[in-house]
Amino acid sequence: MAAGAVGVACGQQGGTSTKQQAPEPPTDKARQAVHGDGGIGDLFEIDDPANTINGSTPGDDWQNTIGEAAQGGTQTSSATRVTRLADGLSNTTIFTGGGSKDPEDVSKWKWKSNTGSVPDKDDIVNAYAAAYNDTNGDLIIYFGADRFATDGDAQMGFWFFRDDVHFVPTPSDSGESEDGTFSGHHLDGDLLVLANFLKGGAENHLQVFKWSCGTTNPALCGSTGTLVALTGEIVTTATRVCNPAAGTIPADAACVATNKTNSVRAYWPYQSKDGTSATEPTIPPLGFVEGGINATQLSGLHCVSSFAAETRASQSPTATLKDIAVGEFPTCSLSITKECLGTTLSTIPIDGGTAVVPQVSYRWVVCNGGVGTVNNVVVTDQLVGHDASVHDVGSLGGQQCFDAGVRTYIPGAVDDGGTNPCQASFTNSVSATGGPDASLSASASASCPLCPCNVGGGDAGTGG
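Right, dumping it as structure tokens:
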């Protein structure tokens, strides 16, 4: 090829990443609040008394959110993140130790399994959660749980953690006695919803707390943080199962309900103390609780990592904790791809003459594959022979991507290992961070061949 030729296409090799592109977003039916008029949510049905059936009213329900998948089918709800934590019937993992209380950091919590027990009414069988993103970018989470027995009052708590919280070590199925701790720490903005059902379900109480790090270290405060009440203890009524507006908290930012007098169908594995059928199980009255929160309105949260349901000795925030189901529930995720689009030859001036050098074309795309908005997204593009290029992408909504478009540059010196320079290649990498405290990250790379070059066997390095 003659020196000075420009625009000749080159072979290419794509980059690698955990995800090529976020899926299309679901149809958005959301309101700003989690609770609509008449006890029916626009995204999800919060009924009073609570039930699981996906009826004719607007919104999903547990039947089509977790029930279909549990029965071997395909989830048809519009939720973009769903989890069901199967805790079982044998008290396999329960709280232990004096530090296992809600006002304490997660690092102080302890668990044990296959030794000791909790009262039947405090035994969680399943816990579940579903996440949605509304038109304002708010993170909406619906949650629920079912219990083994319903004798006596019920006090439950639902945690939404920013950090990765799970059992350490992972409980085994050996049946042997085990004990352990929990991973992670409390981070600023973690949310706790208390749902207390008293007097046989005739009186329902709702209260919301958040973990506050104050202004000293808002990133990670763990044991130095405090559990702050966002709402007073709200007594719900037959016509209202959500919070009223108070202070900075708008109405309907949190809701809870239970199946006070009615049995409800469990579309997932469940068995109650009274021996309900395992093929078409029903949850007895007061055995099922559901609720919803607007996490963004309550605590500014767009991203959570883990979800837990707990039973408690009383409605006091300092109550001894009983049973727990905990697991992953990531509502935000970052992925990034980098692709080599090709190499052409470009003539550049050098040392009073010219040189024919390869010019690389490439692109990168960063995506939020979750449901919550990821703020402070920054992409660092590592270019061989050049300083890193830093791009402030800003915010990415749920299921949203940012495409950098076609970019070109001329690489610096490349070590071909002493092989034919036509076969030499170089690898560029790109990384992205985002979310509070840059807690989310992703990286990718792309290899580009340094061709066309030296095709005619001569020196394509310089010209006179």
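Here my numbering is used: the sequence shown runs in plain steps of one and ends on residue 494.
C-beta: ideal position from N, C-alpha, C; glycine also.
These figures come from a predicted structure and were not determined experimentally.
For residue j and residue i, believed in contact at Cβ under 8 Å, the rounded distance
| i | j | result |
| --- | --- | --- |
| threonine 95 | phenylalanine 359 | At roughly 13 Å, the Cβ-Cβ gap does not stay under 8 Å, so threonine 95 and phenylalanine 359 are not in contact. |
| threonine 123 | serine 143 | 5 Å |
| glycine 255 | histidine 196 | Contact flag wrong, Cβ pair sits at about 20 Å. |
| lysine 140 | leucine 351 | The pair is not a contact, with the Cβ atoms about 10 Å apart (cut-off 8 Å). |
| threonine 82 | tyrosine 297 | 6 Å |
| valine 460 | glutamine 412 | 7 Å |
| proline 133 | leucine 257 | 5 Å |
| glutamine 429 | threonine 110 | 7 Å |
| arginine 192 | aspartate 220 | 6 Å |
Continuous beta strand (DSSP E) stretch holding residue i: start and end
| i | result |
| --- | --- |
| alanine 474 | 470-479 |
| threonine 326 | From DSSP, threonine 326 is part of no beta strand (DSSP E) but of the alpha helix (DSSP H) over 325-329. |
| asparagine 289 | Segment: none, asparagine 289 is in no beta strand (DSSP E) and carries neither H nor E. |
| aspartate 176 | 169-177 |
| glutamine 237 | 233-242 |
| serine 363 | Where serine 363 is concerned, there is no enclosing beta strand (DSSP E), given that its DSSP letter is neither H nor E. |
| valine 258 | 256-259 |
| histidine 421 | 419-426 |
| lysine 142 | 140-143 |
| valine 409 | 404-412 |
| glutamine 389 | 383-398 |
| phenylalanine 74 | Careful: phenylalanine 74 lies outside any beta strand (DSSP E) and carries neither H nor E. |
| leucine 316 | Segment: none, leucine 316 is in no beta strand (DSSP E) and carries neither H nor E. |
| glutamate 340 | 336-342 |
| threonine 266 | 264-266 |
| arginine 270 | Looking at the DSSP string, arginine 270 is not in any beta strand (DSSP E), and its letter there is neither H nor E. |
| isoleucine 440 | Element bounds for isoleucine 440: n/a, residue is neither H nor E. |
| tyrosine 300 | No beta strand (DSSP E) contains tyrosine 300, which DSSP labels as neither H nor E. |
| alanine 157 | 154-163 |
| aspartate 433 | 431-433 |
| threonine 113 | 111-116 |
| threonine 126 | 124-126 |
Closest residue to residue i among the options (Cα-Cα distance)
| i | options | result |
| --- | --- | --- |
| aspartate 417 | Val407, Gly402, Val404, Pro441 | Pro441 |
| tryptophan 394 | Ala434, Ile380, Tyr297, Val386 | Ala434 |
| threonine 326 | Ser207, Val271, Ile170, Tyr392 | Ile170 |
| serine 477 | Trp241, Lys368, Gln237 | Lys368 |
| cysteine 285 | Thr278, Leu328, Pro311, Ser293 | Leu328 |
| threonine 410 | His421, Gln301, Val404 | His421 |
| valine 271 | Glu134, Thr288, Asp153 | Thr288 |
| phenylalanine 178 | Lys151, Ala159, Met186, Asn163 | Lys151 |
| tyrosine 392 | Ala472, Trp298, Tyr439 | Tyr439 |
| serine 475 | Ala349, Ser365, Thr261 | Ser365 |
| isoleucine 264 | Val356, Leu236, Ala281, Ala116 | Leu236 |
| proline 314 | Gly89, Asp90, Val155 | Val155 |
| alanine 283 | Phe191, Phe432, Asp168 | Asp168 |
| aspartate 176 | Cys370, Thr267, Asn234, Gln301 | Gln301 |
| alanine 159 | Ser242, Gly97, Phe227 | Gly97 |
| lysine 290 | Val390, Ser202, Asn226 | Asn226 |
| glycine 174 | Ala468, Phe125, Ala339, Val396 | Ala339 |
| valine 436 | Asp209, Ala343, Ser253, Val390 | Val390 |
| glycine 399 | Thr377, Phe432, Pro149, Ser376 | Phe432 |
| lysine 138 | Thr145, Leu371, Ser253 | Ser253 |
| serine 419 | Asn458, Gly182, Pro311 | Asn458 |
| tyrosine 162 | Thr373, Phe239, Ile323 | Ile323 |
| serine 473 | Leu426, Val408, Pro201 | Val408 |
| glutamate 233 | Cys243, Leu316, Thr361, Lys240 | Leu316 |
| tryptophan 241 | Trp189, Gly321, Gly424 | Trp189 |
Buried or exposed (CB count within 10 angstroms, at least 16 for buried), residue i
| i | result |
| --- | --- |
| alanine 63 | In this prediction, alanine 63 has a pLDDT of 43, which is less than 50 and means its spatial position is unreliable; nothing more can be read from the coordinates. |
| glutamine 93 | buried |
| valine 198 | exposed |
| valine 404 | buried |
| isoleucine 104 | Note that residue 104 is threonine in the sequence shown, not isoleucine. Exposed is the call here. |
| alanine 276 | exposed |
| aspartate 381 | exposed |
| glutamate 75 | buried |
| valine 319 | buried |
| leucine 480 | buried |
| alanine 281 | exposed |
| glycine 415 | exposed |
| threonine 449 | Any answer about threonine 449 is weak, because its pLDDT of 47 lies below 50 and its placement is not dependable; what the coordinates show is given next. Exposed, because fewer than 16 other Cβ atoms sit within 10 Å of the Cβ of threonine 449. |
| lysine 229 | exposed |
| aspartate 445 | Its pLDDT being 44, under 50, aspartate 445 is placed unreliably in this model, and the coordinates cannot settle the point. |
| asparagine 166 | exposed |
| glutamine 101 | exposed |
| alanine 157 | buried |
| alanine 259 | exposed |
| serine 207 | exposed |
| aspartate 194 | exposed |
| isoleucine 378 | exposed |
Report the residue ranges of all beta strand (DSSP E) runs contained in full by the segment 188-221; include only those spanning at least 3 residues, in chain order.
208-212
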